[in-house]
Amino acid sequence: MTKILIIESNTPEMNAVGGIACGGFLRTILGLRPTTEVHVASPYGGKLRRGVFDDVDGVIFSGSGVAWSTDAPEAAGLRKAMEAAFTAERPVWGSCNGLQLAAVVLGGKVGESPKGHEVGLALDLAMTEAGGAHPMMAGRDASFAVPCVHRDEVQELPEGAVLLASNDHSPVQAMVYEKDGVDFWGTQYHPELSASEVGTYLNRGIFEGHRHMQRDLLSADFDPQAAARLGAPEGALTLDTRARELLNWLDHVEAKRAA
């Protein structure tokens, strides 16, 4: 049985009022692969136990709704956790904040997008030539859309990282880093989240200004007309399609486990 550890990247205070970033991963992974054994750890909740990465097959760093960026002093514990996961040479996945965290840890740069928030769906995503050849993007159409919600973005790739997908809003929408023992795949968008889950985020914090999209987001997973109003291609929000990269990563983890 494949064993996955999810690193919860919201604080305990946020968790206490319903801000649990790992929830989408739990629902999606168990929807895709019901036999997966999933555990959760929280660096913001205290120091991780010694050897926490030693007995797992893969590690996921969730998104986050904290006020600070991944290069801020407040994120030091989260950076340390990712460094330890890389040292353990486990396959690592990162969505949104997790992608930005990897960029910082590996030597890149992040910051607030000059184009503002990207909320609802990341539209007109396009694979690079490298993306078209990489197993993380297997099964993706040349142009696609995936649920997203973010303020910050990767603004400079780490040396050695490979860009797999972009759009007009954020040039770095998907990347991998596969050298020196590091095995990282990640996206700026959220393949682990349904459209309705993104819709619930619009009730609080910095994304409240986008609540005009909420009705369509809350119904787009089952209402093709609502999905179309958001700009989603037909079928883009079904579980197997919107979570394609995450499914490919689980295949990657299982292949490494079996090797």
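The opening position of the sequence shown corresponds to residue 1 in the UniProt record's numbering, with each subsequent residue numbered one higher. Yeah, the Cβ is synthetic: ideal placement off N, Cα and C, and Gly gets one too.
query: DSSP three-state label for Y177, please.; result: strand
query: Over what stretch of residues does the alpha helix (DSSP H) that includes W249 continue unbroken?; result: R244 to A258
query: Apart from the five residues just before and just after P135, which ones in its own chain have a Cβ nearer than 7 Å to its Cβ?; result: N248 and H252
query: Between the alpha carbons of residue 289 and A227, how many angstroms are there, rounded?; result: The structure shown does not extend to residue 289, since the chain is modelled only from 1 to 259, so the question has no answer here.
query: Any contact between the stretch 238-247 and the stretch 181-194? By contact I mean 3 or more CB pairs, one from each, below 8 Å.; result: yes
query: List the whole-angstrom C-beta distance separating I4 from G58, where the pair is believed to meet the contact cut-off of C-beta under 8 Å.; result: 5 Å
query: Taking only the alpha-carbon atoms, compute the straight-line gap between L99 and Q225 and give it to the nearest angstrom.; result: 31 Å
query: Counting along the chain, where does the beta strand (DSSP E) carrying D152 start and finish?; result: D152 to E156
query: Taking only heavy atoms of the ligand ATP into account, decide whether any of them is closer than 6 Å to the Cβ of T87.; result: For the ligand ATP, the structure offers nothing, since it holds no ligand at all.
query: Could you pull the DSSP bridge partners for F184 from this structure?; result: V92 and Y177
query: Ends of the beta strand (DSSP E) at I20?; result: Here I20 belongs to no beta strand (DSSP E), and DSSP marks it neither H nor E.
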